[in-house]
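Taking the numbering used here, the leading residue of the sequence shown gets 394, the next gets one more, and so forth.
What follows is a short report on a single structure.
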Amino acid sequence: MRLAQILHDNLRATQLEEVLSEVDSKIEAMELNKNVLEDTASHKLQEIQRRREELDRLEAELIQRMLQDDLDNKALVAQLLEDSVRGIFAKEEVTEGEVPDREQVEMEKGEEKEKEEGEDLE
């Protein structure tokens with residue numbers, strides 16, 4: 394452009410100014426478009442991060458719940474096993490001539506359980 398002005402080629406100088414103006418305009422449009430794309434990507438990445446944190450929280454809750462359920466199940470099985478063992482040894486205490494009926498054994502188990510629950514409350 395400067396050369397065209399030095400050579401007094403005003404037509405070419407004007408054309409080169411228009412080309413330069415168009416190039417500058419396109420560069421500015423590209424920069425604005427780039428900024429919009431970066432902003433959009435940034436917002437989407439933040440949303441992904443928020444979802445990831447939520448999934449991590451849900452995973453931790455699930456693991457904690459599973460561990461607690463496992464402890465509860467172990468305690469239940471231990472209690473059932475203890476009740477079974479007590480029932481088996483209680484049968485040995487019955488004299489050979491006595492055979493308790495099924496209803497009486499069930500009733501005694503219920504009484505033992507109520508007694509244990511009452512002790513737990515104290």
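Think of the CB as a built atom: it goes at the ideal place given N, C-alpha and C, for glycine as much as any other residue.
Around D462, the same chain offers no residue with a beta carbon nearer than 6 Å, after the five sequence neighbours per side are excluded. Here the C-alpha atom of L469 lies approximately 18 Å from the C-alpha atom of Q457. Using a Cβ-Cβ distance cut-off of 8 Å, the segment 471-481 and the segment 499-506 are in contact, since at least three pairs of beta carbons, one from each stretch, lie closer than that value. If you draw a straight line from the Cα of K467 to the Cα of E475, it comes to about 12 Å. Going by C-alpha positions, N428 is about 10 Å away from A422.
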